[in-house]
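S.K.:
Residue numbers (my numbering): 1372 to 1584.
Written out as structure tokens, the structure reads:
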């Protein structure tokens, strides 16, 4: 008489154990992947929120060099629209003589080729005099806090870092969703679960509605 109910109860417990195992596995895997990123973004969230209080002193380095005529001659042909990448020999020479990446798009005029080279935590530019071959550069370093803040924002960080942010965001999403399901599975024995989850929603919403205009 009790065998069907017993089998149903066993099957239900088996399904619950399976999903609990899967949730725990995906939860710890996503937490392991996102752990260092979460620490970084938490710290830089604080430093960005208090950026005015922890400003650093920018360090500016200027440098001048003379481009050989053979390399300078590569700049004879202007790109369409006045913007374009440096020819490979020019880019290689610039990177050999200045601490910048010369892979970005430069601005071309009759007298000068100007290459902006922004970077996380600083800025840089290189200007090439097309008549004389004189090359000047300026590199600004705003310190490691500014560097980490720019990584947080993805500012001038390149495609590889942008891809990392996408992967990190997906891992955080998996971490949060699996955590929510684990809360749901254990909520019957933890009465404070949903009030705490609700507080996590209501508190920021109330601050936004009341104080942010």
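Here a beta-carbon is modelled for each residue, glycine too, at the ideal position from N, C-alpha and C.
So which of 1482, 1512, 1531, 1529 has the shortest CA-CA distance to residue 1429?
M.R.: Here residue 1429 refers to the residue found at position 58 when the chain shown is read from its first residue. Selected option, being the one with the closest Cα: 1512.
S.K.: In the DSSP assignment, what residue or residues form a beta bridge with residue 1394?
M.R.: As a first step, residue 1394 is located in the chain shown; it is residue number 23 there, counting from the start. Beta-bridge pairing links residue 1394 to no other residue.
S.K.: Decide if the region 1537-1552 is in contact with the region 1438-1457; the criterion is three or more beta carbon pairs, one per stretch, under 8 Å apart.
M.R.: No: fewer than three Cβ pairs fall under 8 Å.
S.K.: Let me make sure I understand the geometry here. Which of 1398, 1389, 1405 has the alpha-carbon closest to that of residue 1536?
M.R.: The residue you call residue 1536 lines up with position 165 of the chain shown. Taking only the C-alpha atoms, the option nearest residue 1536 is 1405.
S.K.: Mark residue 1499 as exposed unless 16 or more other C-beta atoms lie within 10 angstroms of its C-beta, in which case mark it buried.
M.R.: One-based indexing of the chain shown puts residue 1499 at position 128. Buried: at least 16 other Cβ atoms inside 10 Å.
S.K.: Output yes or no for whether 7 Å exceeds the beta carbon distance between residue 1432 and residue 1484.
M.R.: Against the chain shown, residue 1432 aligns to sequence position 61. Against the chain shown, residue 1484 aligns to sequence position 113. Contact: no.
S.K.: Taking DSSP as the reference, what is the three-state secondary structure of residue 1456?
M.R.: For the purposes of this step, residue 1456 is identified with residue 85 of the chain shown, where counting begins at 1. Three-state DSSP puts residue 1456 in a strand.
S.K.: Which one of 1445, 1452, 1454, 1580 has the shortest CA to CA distance from residue 1461?
M.R.: Within the chain shown, numbered from 1, the residue matching residue 1461 stands at position 90. Cα-wise, what sits closest to residue 1461 is 1445.
S.K.: Alpha carbon to alpha carbon, what distance is there between residue 1383 and residue 1524?
M.R.: For this step, residue 1524 is matched to residue 153 along the chain shown. For this step, residue 1383 is matched to residue 12 along the chain shown. When rounded, the distance between both Cα atoms is 46 Å.
S.K.: Under the rule that 16 or more other beta-carbon atoms within 10 Å means buried, what is residue 1493, buried or exposed?
M.R.: As a working note, residue 1493 is residue 122 in the chain shown. Buried, because 16 or more other Cβ atoms sit within 10 Å of the Cβ of residue 1493.
S.K.: What is the rounded straight-line gap between the Cα of residue 1516 and the Cα of residue 1416?
M.R.: Taking the first residue of the chain shown as position 1, residue 1516 is located at position 145. Taking the first residue of the chain shown as position 1, residue 1416 is located at position 45. Whole-angstrom Cα-Cα distance: 11 Å.
S.K.: Around the C-beta of residue 1486, are 16 or more other C-beta atoms found within 10 angstroms, so that it is buried, or is it exposed?
M.R.: As a first step, residue 1486 must be located in the chain shown, where it is residue number 115. Residue 1486 should be labelled buried.
S.K.: What three-state label does DSSP hand residue 1422 in the structure shown?
M.R.: Within the chain shown, residue 1422 is the residue found at index 51, counting from 1. Three-state DSSP puts residue 1422 in coil, outside helix and strand.
S.K.: By how many angstroms is the C-alpha of residue 1398 removed from the C-alpha of residue 1559?
M.R.: Looking up residue 1559 in the chain shown gives position 188. Looking up residue 1398 in the chain shown gives position 27. Roughly 20 Å between the two C-alpha positions.
S.K.: Bridge partners of residue 1435, per DSSP?
M.R.: If you number the chain shown from 1, residue 1435 lands on position 64. Residue 1435 is bridged to 1507.
S.K.: I need the DSSP call for residue 1514, collapsed to helix, strand or coil.
M.R.: The sequence position of residue 1514 within the chain shown is 143, counting from 1. Note: residue 1514 maps to coil in three-state DSSP.
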